[in-house]
Amino acid sequence: MFGGQIRSSLLASRHICWAGLSPLACRLQVRRNFKVSVVGAAGGIGQPLSLLLMYNSMITELVLHDLVNVKGVSADLSHVSTATDVKGFQGPEQLEKAVRGADLVIITAGMGRGPGMTREQLFEINAKIIIQTVNAIAKNSAHALIAIVTNPINTLVPMAAEVLKRNQVFDPNRLFGVTTLDCVRAERFIGNYFNIDPKEVKVPVIGGHSGITIMPILSQCKPAVNADEECIAALVQRIQMAGDEIVLAKEGKGSATLSIAYATNRFADALLKGLKGDKTPIESAYVQSDLTEACFFATPLSFGPKGIEENHGIPELNDVEKLALESAVSDLKKSIEKGISYV
């Protein structure tokens, strides 16, 4: 009885509407709670990400999906003492139920990068998973924000856009390749090198999400990076190759998981604040773009109720960064074409 009273009061608070407002205006006024689906929730990224999302007060319903083991994950998370309701759906036949009505779908499903594995090999493995998932979203939650974490992002996001176009539901403001990990790494590495709290470091990272396409713009870092060219080049290279560092540290038995979960949670929080109508922190993401010859490109973004509210564009570059941009765009164009032509 007591639990029923709590549920009734919650429902009442969610549906209250002030006199004089239209039903639509009322929903926009009081919308504060969201449904988030994580596809790939039982994996190495999905599990810690789901735990972090449980602590987000904007999420009232967290839906987990994976091919196996997700029932145990959802049962485990259901014991965490937060107000977020968690549900688990397992197997390909329950994918559509898992994404139905979601405000945000985060895709972490697929294989991580192994030692010596090329981007092309990884793409061939993960492409079919992304196509199946995005088709399910298009049919069951066409207006959801979609955040793709699965690699290779440079290729899979353009491919996902084509899938959405074929379903006639593509909105470039709602599809994201999550590149926040590159920003997190840049903040951490720069902070450590100069003995600064990483939380105080603000550095734009643009381009893509692999190798030379990852472009930390250290010339625009705040606080300013006062170092010689050799030091700056070493920092840039470490940020670009940080994924290999983790694969090596795990002795070929895995790739980054916990840091990706942390970064994805940060990005999801910014998206949800935008949906809520709050002022959002600026975060970079890989999105459809006309800023370069590459039709998908990561830049700093602000978010609103419809997804991207403002693309802050490419920051001012020095001569070295301008040359790096040319190489990054050339590489991205090839990756994008591969993704588009696959569908």
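So for the sequence shown, UniProt numbering puts the first residue at 1; every next one is plus one. Where is the CB? At the ideal position from N, CA and C, for every residue including glycine.
Under a three-way DSSP split, which group does residue i fall into?
| i | result |
| --- | --- |
| Val80 | coil |
| Leu332 | helix |
| Asn167 | coil |
| Thr133 | helix |
| Ala298 | strand |
| Phe267 | helix |
| Pro172 | coil |
| Lys35 | strand |
| Ala324 | helix |
| Thr213 | helix |
| Glu120 | helix |
| Val73 | helix |
| Ala147 | strand |
| Asn311 | strand |
| Val30 | Unreliable placement is indicated for Val30, whose pLDDT of 44 sits below 50; no coordinate value is reported for it. |
Compare the C-beta of residue i with all C-beta atoms of chain D and state if any pair is closer than 8 Å.
| i | result |
| --- | --- |
| Ile212 | Absence of chain D from the displayed structure is noted, only one protein chain being present. |
Taking the Cβ atom as the reference point for each residue, do residue i and residue j lie within a distance shorter than 8 Å?
| i | j | result |
| --- | --- | --- |
| Asn154 | Leu332 | yes |
| Val203 | Ala186 | yes |
| Ser289 | Phe297 | yes |
| Gly339 | Pro48 | no |
| Gly112 | Gly44 | yes |
| Val205 | Asp182 | yes |
| Leu104 | Asn151 | no |
| Gln240 | Gly208 | no |
| residue 348 | Val36 | Given a span of 1 to 343 for the chain in the structure shown, any question on residue 348 remains unanswerable. |
| Val149 | Ile232 | no |
| Thr190 | Leu235 | What sits at residue 190 in the sequence shown is Ile, not Thr. In this structure, Leu235 lies closer than 8 Å to Ile190 by Cβ. |
| Gly40 | Ala147 | no |
| Ser141 | Val99 | yes |
| Asn173 | Gly307 | yes |
| Ile106 | Thr264 | yes |
| His315 | Ile196 | In the sequence under discussion, the amino acid at residue 315 is Pro, which differs from the His named in the question. For Pro315 and Ile196, no; Cβs fall outside 8 Å. |
Pull up the distance between the alpha-carbon of residue i and that of residue j, whole angstroms please.
| i | j | result |
| --- | --- | --- |
| Gly114 | Gly252 | 6 Å |
| Leu62 | Glu230 | 46 Å |
| Leu323 | Gln237 | 15 Å |
| Glu120 | Ser81 | 42 Å |
| Lys273 | Glu93 | 32 Å |
| Ser78 | Met54 | 9 Å |
| Gln132 | Met117 | 23 Å |
| Lys139 | Lys165 | 12 Å |
| Leu275 | Asp66 | 26 Å |
| Ser341 | Lys97 | 29 Å |
| Asp319 | Ala328 | 14 Å |
| residue 344 | Asn33 | Lying before the first or after the last residue shown, residue 344 is absent from the chain, which here runs from 1 to 343. |
| Leu156 | Gly72 | 29 Å |
| Tyr193 | Thr299 | 24 Å |
| Asp76 | Arg188 | 31 Å |
| His143 | Ile246 | 35 Å |
| Arg27 | Ala160 | Caution is warranted here: a pLDDT of 46 is assigned to Arg27, below 50, making its placement in the model unreliable, and no coordinate value can be reported. |
| Met215 | Phe89 | 38 Å |
| Ile59 | Tyr286 | 24 Å |
| residue 374 | Phe267 | One cannot answer for residue 374 here, as it falls past the ends of the chain, which runs 1 to 343. |
How about residue i: is its Cβ closer than 7 Å to a heavy atom in the ligand ADP?
| i | result |
| --- | --- |
| Ser78 | Annotation note on the ligand ADP: not contained in the displayed structure, which lists no ligands. |
Here's the rule I'm using: 16 or more other beta-carbon atoms within 10 Å means buried, otherwise exposed. How should residue i be labelled?
| i | result |
| --- | --- |
| Val70 | buried |
| Gly243 | buried |
| Leu248 | exposed |
Following the continuous beta strand (DSSP E) through residue i, name the residue where it begins and the one where it ends.
| i | result |
| --- | --- |
| Ser284 | 283-288 |
| residue 345 | Residue 345 is absent from the structure shown; the chain starts at 1 and stops at 343. |
| Gly88 | 85-90 |
In terms of residue numbering, what span does the alpha helix (DSSP H) encompassing residue i cover?
| i | result |
| --- | --- |
| Asn192 | 180-194 |
| Gln237 | 229-240 |
| Leu64 | Per DSSP, Leu64 belongs to no alpha helix (DSSP H); it is in the beta strand (DSSP E), 59-66. |
| Gly46 | 46-53 |
| Lys97 | 95-99 |
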